[in-house]
Structure formats: C-alpha cells, structure tokens
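Asks: The structure is given below, and queries will be raised subsequently.
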Amino acid sequence: MYIDGASSHKEGIGAGVVFVTLEGEALLYSFTLTQNCSKNIAEYQALILGLEIVVDTKQLPLKVYGDSQLVVNQLLGHYEVKKPGLLPYYNYAKRLMGWLGDVELERLLRKDSKQVDALAKLASTVSMTDKETRIPILPLEEVKKENIADFIRTHIIYHYGVPRYIITDNEKPFCNSLINKLCQKFSFKQKNSSMYYAAANGLAEVFNKTLCNLLKKVMAKSKRDWHERIGEAHGHTGPLLEHLPKQLPTH
Numbered sequence: 001m002y003i004d005g006a007s008s009h010k011e012g013i014g015a016g017v018v019f020v021t022l023e024g025e026a027l028l029y030s031f032t033l034t035q036n037c038s039k040n041i042a043e044y045q046a047l048i049l050g051l052e053i054v055v056d057t058k059q060l061p062l063k064v065y066g067d068s069q070l071v072v073n074q075l076l077g078h079y080e081v082k083k084p085g086l087l088p089y090y091n092y093a094k095r096l097m098g099w100l101g102d103v104e105l106e107r108l109l110r111k112d113s114k115q116v117d118a119l120a121k122l123a124s125t126v127s128m129t130d131k132e133t134r135i136p137i138l139p140l141e142e143v144k145k146e147n148i149a150d151f152i153r154t155h156i157i158y159h160y161g162v163p164r165y166i167i168t169d170n171e172k173p174f175c176n177s178l179i180n181k182l183c184q185k186f187s188f189k190q191k192n193s194s195m196y197y198a199a200a201n202g203l204a205e206v207f208n209k210t211l212c213n214l215l216k217k218v219m220a221k222s223k224r225d226w227h228e229r230i231g232e233a234h235g236h237t238g239p240l241l242e243h244l245p246k247q248l249p250t251h
C-alpha cells in the first residue's frame with residue numbers, strides 16, 4: 001500500500017492511496033479532505049483511510065510505503081509525537097495497525113519511487129467541488145445479470161473507484177455467482193435492503209396494526225387499570241406471532 005497526503009492553499013487538501021496486489025494489479029483511491037490541515041495530518045489521514053479499507057477487505061499481510069519521514073518514524077517509534085494535534089491521528093493509526101497485526105511500515109524516498117511521486121501529484125490536485133456525482137441511467141430491454149455486472153464494473157468501478165459496498169433491492173439479477181465473483185475480485189461487499197424481505201415486512205406491519213388496535217380497545221374499556229390488563233392484548237396476538245419469522249431483518 002502506497003500512501004501520500006498533500007496540503008496546498010491553491011490546489012486543496014487531499015489524500016491518495018494505491019494498493020498493488022501480488023499479481024501486479026493496482027487499485028487507486030483519492031480522497032478530498034474537507035478541513036484545512038497540515039501536510040503531516042494529511043499524511044496520517046491517507047494512512048488511516050488506507051488501513052480502514054484493509055480492515056474491510058482483510059487483505060493481509062500488508063506492507064505500507066510512505067514518503068513522510070516524520071509520520072513513518074513516529075509510527076516506528078523512532079520519533080516522539082510532540083505536537084498535540086498529531087496525537088489523535090497517531091493513536092488511531094497505531095490502533096488500526098495493532099488490530100490488523102500483520103502490517104509492515106517502510107519509508108521511501110520520493111526519488112526512489114515513481115508510484116509515490118505520482119500519487120502525491122494526484123492527491124495535491126484533488127479539490128472540493130459542489131457538483132453532484134451523476135451515474136448514467138442505461139435503458140435496458142431486459143435486466144440480466146451480465147448487464148448488471150458490466151454496469152457495475154464499467155460505469156461505477158472504472159469511473160469512480162471501488163465502493164465499500166453496494167445496496168440492492170432486486171433479488172435475482174444481483175444475487176448470483178457472477179456478481180459474487182465481481183465482489184470478490186474488487187473486494188467490496190453486497191448488502192440487501194429490507195425490500196428483499198418483503199414477506200417478513202408485510203407480516204410485521206400486520207402485527208403492528210393488530211397490536212395497536214387491541215391496545216386501543218383495552219384502554220377504552222379499562223381506563224383505570226389498563227396497565228394491569230395490557231397482557232390481554234399480547235395474548236390475542238399469539239397466533240399471529242407464530243407466523244412471524246424468528247429473526248426479522250435489521251437493515
């Protein structure tokens with residue numbers, strides 16, 4: 001993992017991360033930092049963002065290369081963290097590295113690494129923008145798994161980078177081996193929204209309405225001791241509870 005951060009009043013503040021796999025494939029990430037900060041904080045944030053990606057993907061062992069003499073030597077224990085503003089970033093980075101376990105950190109001189117130099121230029125040219133990210137809508141005669149996989153790869157990953165996860169509510173075109181292979185290849189996750197559990201959602205809605213109606217009747221008949229008779233409403237919902245799934249979706 002190659003990291004670099006940049007802080008410039010003219011061009012903006014950014015962080016860049018490049019992952020190079022054992023097969024030689026490169027995955028590039030660039031981030032715009034929304035708050036003004038020093039070059040050293042930008043370096044720490046680049047490292048933290050990269051480590052958080054690794055936490056999600058569990059791609060270990062990991063070797064980290066950075067060109068910041070201060071940041072690398074602080075994390076290796078050679079330098080003391082004297083500035084209070086750097087301490088929260090230092091502590092969080094150390095905690096992530098400790099949690100991952102198999103992480104090796106090494107400093108590279110800028111002249112010795114074209115990747116680091118290119119990454120620094122990329123990060124320093126990242127600037128804030130008010131424009132919305134627009135993903136094109138493609139008219140398809142039929143929603144097939146091949147079309148879905150090609151759209152995710154071509155119009156999302158190649159244009160905007162690898163997402164951490166995608167959320168879908170259309171079962172068949174997304175839940176198949178082709179999409180699973182795509183998720184594994186680019187190391188991102190797929191999550192199903194609650195619409196996938198349409199039947200369970202419907203039963204839960206019916207149960208809620210029935211329970212509310214029963215509670216209203218109990219309270220109307222016994223205004224004084226309604227709190228003692230509230231168990232009657234629960235007793236009437238027993239048959240309906242048997243049809244509910246044991247574990248309802250939580251997302």
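In UniProt numbering, the protein residues as written are 1 to 251.
From the three backbone atoms N, C-alpha and C, an ideal C-beta is built for every residue, glycine too.
(1) Quick one: Cα of N73 to Cα of F151, how far?
(2) Confirm the yes/no value for this check: CB of G161, any heavy atom of the ligand GTP, distance under 8 Å.
(3) Alpha carbon to alpha carbon, what distance is there between L178 and V18?
(4) Is the beta carbon of A6 less than 9 Å from the beta carbon of L47?
(5) Flag this pair as yes or no: are the beta carbons of K185 and K145 separated by less than 9 Å?
(6) Measure how close the beta-carbons of F31 and L49 come, nearest whole angstrom, since I'm counting them as under 8 Å.
(7) Which residue marks the beginning of the alpha helix (DSSP H) containing L60, and which one marks its end?
(8) From Y44, D56 and N40, pick the residue whose C-alpha is nearest to that of P163; which is it?
(9) Below 8 Å on the Cβ atoms is my guess for L75 versus L100; work out the distance and round it to an integer in Å.
(10) Of all the beta strand (DSSP E) runs that stay within the bounds of the stretch 142-177, which reach a length of 3 or more residues?
(11) CB-CB under 6 Å to Y79, same chain, minus the five flanking residues each way: which ones, in chain order?
(12) Provide the residue span of the beta strand (DSSP E) that contains L27, from first to last.
(13) Examine chain C for any beta-carbon lying closer than 9 Å to the beta-carbon of N40, and answer yes or no.
Replies: With the given structure in hand:
(1) 43 Å
(2) In the structure shown, the ligand GTP is absent, as is every other ligand, since no ligand is present at all.
(3) 26 Å
(4) no
(5) no
(6) 6 Å
(7) That residue, L60, is in no alpha helix (DSSP H); it is neither H nor E in DSSP.
(8) Sorting Y44, D56 and N40 by C-alpha distance to the C-alpha of P163 places D56 at the top.
(9) L75 to L100, Cβ: 13 Å. No contact.
(10) 165-168
(11) N73
(12) From DSSP, the beta strand (DSSP E) with L27 extends over A26 to T32.
(13) Looking at the structure shown, chain C is missing, and only one protein chain is on hand.
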